[in-house]
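In my numbering, the protein residues as written are 282 to 489.
Positions of the beta carbon are idealized from the N, C-alpha and C atoms, including for glycine.
In what follows, a single structure is set out as structure tokens and then discussed.
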Amino acid sequence: MRFSFIPKDEKFFELLEDASANILSTVHALAGFLQEVSTREQKGPIIKDFERKGDVITHEILRKINRSFSTPLDREDIHTLASNLDKVLDAIESLANRIMIFKLKEVTPVCMDLCKIFIEAVEEINKAVKYLPSMKKLEELEACCAQIGRLESRSDTVSRQAVGELFENPKDVLELIKWKEIYERFEGALDLCSKVAGVIEAILVKNA
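Structure below.
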């Protein structure tokens, strides 16, 4: 076990928790954005505000990495985790932007199912990040990461089946193209959640 007379800056954990909590708020905002067509114009900027807040948190984490003498985790691990959390946030904003650009009047049941899976994955990320300061809670952390993996696998299945069904009954080619991209963007967002879980698992191995 390594020991240092230089105190480690534990504020990194607080910032990481702020980042994951912000993502959770954003993905819930996305669900409301999808369901309530009449208020999308008003809710679009709210998601953008969450994204800006996430950028501020990420930049603060990176700034502290460069200025801190000692960190509670390896600098590279903190950097990688913060960067991957930021990618999940960017994916949410990107989804909202695409919905606006495509001017989709109603969302499909599949879209809402994928959004629900996405929310569940982000909830697991949020729990895992909260467990990080206490490396003794290995079982809880491992359970969160395993659940994210299962959710990512479920999203793959739902998305691919939905895309297949679009091509089986192509009533409107333009709508097919739009929904194919939306479904694939959800799948990509869940892939990013899985990458966050992979980073956390690597941190666990290194610090166990």
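Own chain residues within Cβ distance below 7 Å of residue i, not counting five before or after
| i | result |
| --- | --- |
| E341 | L296 |
| L366 | A300, S301, I304 and V477 |
| E482 | C426 |
| F399 | V308, F467, A470 and L471 |
| L447 | L457, W460 and K461 |
| E421 | Y412 |
| K334 | N303 |
Proximity to residue i [Cα-Cα], best of the options
| i | options | result |
| --- | --- | --- |
| R356 | M416, F294, E433 and L305 | F294 |
| E298 | G325, E387, A363 and Y464 | A363 |
| E468 | S349, K384 and S375 | S375 |
| A312 | V410, C396 and S349 | C396 |
| I373 | I359, R435 and P326 | P326 |
| D371 | E332, L455, I346 and T352 | E332 |
Contacts around residue i, its chain only, beta-carbon distance under 8 Å, and the 5 residues preceding and following it disregarded
| i | result |
| --- | --- |
| V369 | I304, V403, I406, A470, L473, C474 and V477 |
| V486 | none |
| I463 | L376, R379, I380, F383, L385 and C392 |
| G445 | none |
| T339 | A300, A363, S364, L366 and D367 |
Contacting residues, own chain, Cβ-Cβ under 6 Å from residue i (five flanking each side not counted)
| i | result |
| --- | --- |
| L432 | I398, E401 and A402 |
- prompt: So does the stretch 386-396 actually touch the stretch 437-445, counting three or more Cβ pairs closer than 8 Å?
  reply: yes
- prompt: Should the stretch 374-390 be called in touch with the stretch 317-331, which here means at least 3 C-beta pairs below 8 Å?
  reply: Touching, yes, given that three or more Cβ pairs across the two stretches are closer than 8 Å.
query: Curious, which full-length alpha helix (DSSP H) runs of at least 4 residues does the stretch 340-409 contain?
result: 356-383
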